[in-house]
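Each residue of the sequence shown is one higher than the one before, starting from 1 at the first, in full-length UniProt numbering. Structure first, then comments.
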Amino acid sequence: MDTLAPLGQPPASDQSPRFRQKRDLILDAAATLINERGLKGLTFVAVAEAVGLNTTSVTYYFKRKELLAAAAIERTIDMLASLLDEAQAQPTPEARVRQFLKAYLVQAGTARLGQARPMTILSDMRAMEDPQRARLTEAYVHRIARGAARLFGDAADPLNRARAHILLDSLFWSRAWLAKYSVGDYERIGRKLMQLFDHGILPEGTGWKVAAPPRDPVPEDAEITPETYLRVATRLINERGYRGASVERIAGELNVSKGSFYHHLQGKDDLVLECFQRSYGRFSQAQRRAINLPGTHRDRLAAVLGDLLDIQFDASFPLVRITALQALPTDLRRIVLARSDRMATRFAGMISDGIEEGSIRPLDPLIASQWVTGLINSAHDMRLWAAEQPSRSEAVALYAHPIAHGLFAPR
Numbered sequence: 001m002d003t004l005a006p007l008g009q010p011p012a013s014d015q016s017p018r019f020r021q022k023r024d025l026i027l028d029a030a031a032t033l034i035n036e037r038g039l040k041g042l043t044f045v046a047v048a049e050a051v052g053l054n055t056t057s058v059t060y061y062f063k064r065k066e067l068l069a070a071a072a073i074e075r076t077i078d079m080l081a082s083l084l085d086e087a088q089a090q091p092t093p094e095a096r097v098r099q100f101l102k103a104y105l106v107q108a109g110t111a112r113l114g115q116a117r118p119m120t121i122l123s124d125m126r127a128m129e130d131p132q133r134a135r136l137t138e139a140y141v142h143r144i145a146r147g148a149a150r151l152f153g154d155a156a157d158p159l160n161r162a163r164a165h166i167l168l169d170s171l172f173w174s175r176a177w178l179a180k181y182s183v184g185d186y187e188r189i190g191r192k193l194m195q196l197f198d199h200g201i202l203p204e205g206t207g208w209k210v211a212a213p214p215r216d217p218v219p220e221d222a223e224i225t226p227e228t229y230l231r232v233a234t235r236l237i238n239e240r241g242y243r244g245a246s247v248e249r250i251a252g253e254l255n256v257s258k259g260s261f262y263h264h265l266q267g268k269d270d271l272v273l274e275c276f277q278r279s280y281g282r283f284s285q286a287q288r289r290a291i292n293l294p295g296t297h298r299d300r301l302a303a304v305l306g307d308l309l310d311i312q313f314d315a316s317f318p319l320v321r322i323t324a325l326q327a328l329p330t331d332l333r334r335i336v337l338a339r340s341d342r343m344a345t346r347f348a349g350m351i352s353d354g355i356e357e358g359s360i361r362p363l364d365p366l367i368a369s370q371w372v373t374g375l376i377n378s379a380h381d382m383r384l385w386a387a388e389q390p391s392r393s394e395a396v397a398l399y400a401h402p403i404a405h406g407l408f409a410p411r
């Protein structure tokens, strides 16, 4: 298995068992802090307090905060790559995905109980600066994204790349909702997720038409407005994370001064919150438009997917990624999470009504609604993949195919 050279640590001669034990404890603390507060919340002081050391001792293991963050992310890439390697030994794509899903949920459950090393949320990798960012991104693409695609066969096949993204982001998004369940429920959750992976949400022998609605062209802003800042900030947050979407970078993209930024907005947290509110408003509007359409609930769900996937594959003004949430203050985070839950609950209602009328397969509507919500939210990460397809409509249909029919259905 390929591995990265360890980042930011003393020579191998200094790595005694005691050294490795302390280093692992520091990485555990760093992972927990990044998961709870984002890269912004990772400090040597907080890490030192968590492991019972002083900050000088922490710097013996990692000279800079950036090296500590990179090492925590690197360890998670190693852990995921190991799970994928074990799954690859299974004889069929279905068996490989089942093994990977089971192992991931076992790891998540034991880590939640304090019996295993925590995985670091990987989304903050995009907020790092080079060379760490480029190095870790390359490792993720080579070892995780392509490794997941190989579970299905040819890693270069466009449908297998979409399948891999859906598989990985189904698991990464589960962090947003697994805490609502007991660890004792994880085995059942795994079965219900595997049902979605096996069959999708549509009954066998049925289909749907997922297509974007016609849109008026978006005019170029003649002057800088709060909406202009939202567009640039949303794109930068998705590409660079909360930390990477600095006031300086946003102002630089617009060729304005920092003073102009603060003339339009109170501060960065207010801007990020407004990005969430604007994105969730667009998400909710798409849901409400679909609910009022004629046809079955399957047709309405297809309309939402077509609408929102088209927005996500258009790089100019996507929906903001939920991963920026970690860096918000706790009170603002609650506001955003509550609204996200309401959108997932609306999907659960549509799915439940579809099950009742027979247009949607019998499944757990709560888990399925979170699955669909997460796959829409993360679809912007596939914008380059979408641009490689013959058309935007083909990209939307190809991405929606595994949602409809499962990860293994041919197209």
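Glycine included, C-beta positions come from ideal geometry on N, C-alpha and C. This structure is a prediction, so every number in the text was calculated from the model and none was measured.
Nearest CA to the CA of Ala145: which residue from Ala127, Asp78, His165, Leu271?
Within the sequence shown, residue 145 is the residue found at index 145, counting from 1. Out of Ala127, Asp78, His165, Leu271, His165 has the C-alpha closest to the C-alpha of Ala145.
Return the chain-ordered list of same chain residues with a C-beta closer than 6 Å to the C-beta of Ala12, the five sequence neighbours on each side being excluded.
Translated into positions along the sequence shown, residue 12 becomes position 12. Its pLDDT being 47, under 50, Ala12 is placed unreliably by the model, and the measurement read from it follows with that caveat. Nothing listed; no residue qualifies.
Could you work out which residue in Pro93, His380, Ala324, Ile360 is closest to Tyr242 when comparing CA atoms only?
In the sequence shown, residue 242 corresponds to position 242, counting from 1. Considering only alpha carbons, the answer is Ala324.
Counting along the chain, where does the alpha helix (DSSP H) carrying His401 start and finish?
Position 401 of the sequence shown holds residue 401. 392-405 is the extent of the alpha helix (DSSP H) around His401.
Does DSSP put Val256 in a helix, a strand or coil?
In the sequence shown, residue 256 corresponds to position 256, counting from 1. Coil at Val256, not helix or strand.
Can you tell me which of the three DSSP states Trp371 falls into?
Here residue 371 refers to the residue found at position 371 when the sequence shown is read from its first residue. Correct three-state label for Trp371: helix.
Report all residues from its chain with a CB closer than 8 Å to the CB of Ser352; omit the five preceding and five following residues, and keep chain order.
Counting from 1 along the sequence shown, the entry for residue 352 is found at position 352. Closer than 8 Å at the Cβ level, and outside the excluded window around Ser352, lie Pro365.
Does the distance from the CB of Ala400 to the CB of Gly295 come in under 9 Å?
For the purposes of this step, residue 400 is taken as residue 400 along the sequence shown, with counting starting at 1. For the purposes of this step, residue 295 is taken as residue 295 along the sequence shown, with counting starting at 1. Their beta carbons are not under 9 Å apart, which means Ala400 does not touch Gly295 by this criterion.
Below 8 Å on the Cβ atoms is my contact criterion, and I expect Thr167 with Leu407 to pass it. Report the Cβ-Cβ distance as a whole number of Å.
Mapped onto the sequence shown, residue 167 falls at position 167. Mapped onto the sequence shown, residue 407 falls at position 407. It is worth fixing the name first, because residue 167 is Leu in this sequence and not Thr. Confirmed, Cβ separation roughly 6 Å.
With burial defined as no fewer than 16 other Cβ atoms inside 10 Å of the residue's Cβ, what is the status of Leu309: buried or exposed?
Taking the first residue of the sequence shown as 1, we reach residue 309 at position 309. Leu309 should be labelled buried.
Distance, Cα to Cα, Asp2 vs Ile360?
Within the sequence shown, residue 2 is the residue found at index 2, counting from 1. Within the sequence shown, residue 360 is the residue found at index 360, counting from 1. With a pLDDT of only 47 at Asp2, under the threshold of 50, the placement of this residue in the model should not be trusted, and no figure is reported.
Does DSSP put residue 447 in a helix, in a strand, or in coil?
With the chain covering 1 to 411 only, the question about residue 447 has no answer from this structure.
If distances are taken between C-alpha atoms only, which option among Val210, Asp198, Ile322, Met350 comes closest to Leu395?
The residue labelled residue 395 in the question sits at position 395 within the sequence shown. Correcting the residue type first, residue 395 is Ala in the shown sequence and not Leu. If we check each option's Cα against that of Ala395, Val210 comes out closest.
Between Ala50, Phe19, Glu388, which lies nearest to Ala29 when the distance is taken from Cα to Cα?
Here residue 29 is taken as the residue at index 29 of the sequence shown, counted from 1. For Ala29, the nearest C-alpha among the options comes from Ala50.
Take Ile355 and list the residues in its own chain whose beta-carbon comes closer than 6 Å to its own, dropping the five residues that flank it on each side.
Here residue 355 corresponds to residue number 355 of the sequence shown, with the count starting at 1. So the qualifying residues of the chain are Pro362.
Under the rule that 16 or more other beta-carbon atoms within 10 Å means buried, what is Gln115, buried or exposed?
For the purposes of this step, residue 115 is identified with residue 115 of the sequence shown, where counting begins at 1. The residue is exposed, with fewer than 16 neighbouring Cβ atoms inside 10 Å.
Secondary structure at Ile34, three-state DSSP: helix, strand or coil?
Position 34 of the sequence shown, counted from the first residue, corresponds to residue 34. Residue state, collapsed to three classes: helix.
Quick one: residues in its chain with C-beta nearer than 6 Å to the C-beta of Leu301, no 5 flanking neighbours on either side, listed in chain order?
Taking the sequence shown and counting its residues from 1, the one referred to as residue 301 is at position 301. Met350, listed in sequence order.
Take Leu196 as the anchor and find which of Trp385, Ile367, Gln389, Leu384 has the nearest alpha-carbon.
Start at 1 with the first residue of the sequence shown, and residue 196 comes out as number 196. For the residues Trp385, Ile367, Gln389, Leu384, the minimum Cα distance to Leu196 belongs to Ile367.
Measure the C-alpha to C-alpha separation of Ala409 and Val97 and round it to an integer number of angstroms.
For the purposes of this step, residue 409 is taken as residue 409 along the sequence shown, with counting starting at 1. For the purposes of this step, residue 97 is taken as residue 97 along the sequence shown, with counting starting at 1. Looking at the two C-alpha atoms, the distance is approximately 14 Å.
Give the DSSP-derived three-state secondary structure of Tyr186 in the structure shown.
On the sequence shown, position 186 is the one that residue 186 refers to. It is helical.
Measure from the alpha carbon of Thr43 to the alpha carbon of each residue in Thr59, Leu27, Lys65, then state which is nearest.
Taking the first residue of the sequence shown as position 1, residue 43 is located at position 43. Ranking the options by Cα distance to Thr43, first place goes to Lys65.
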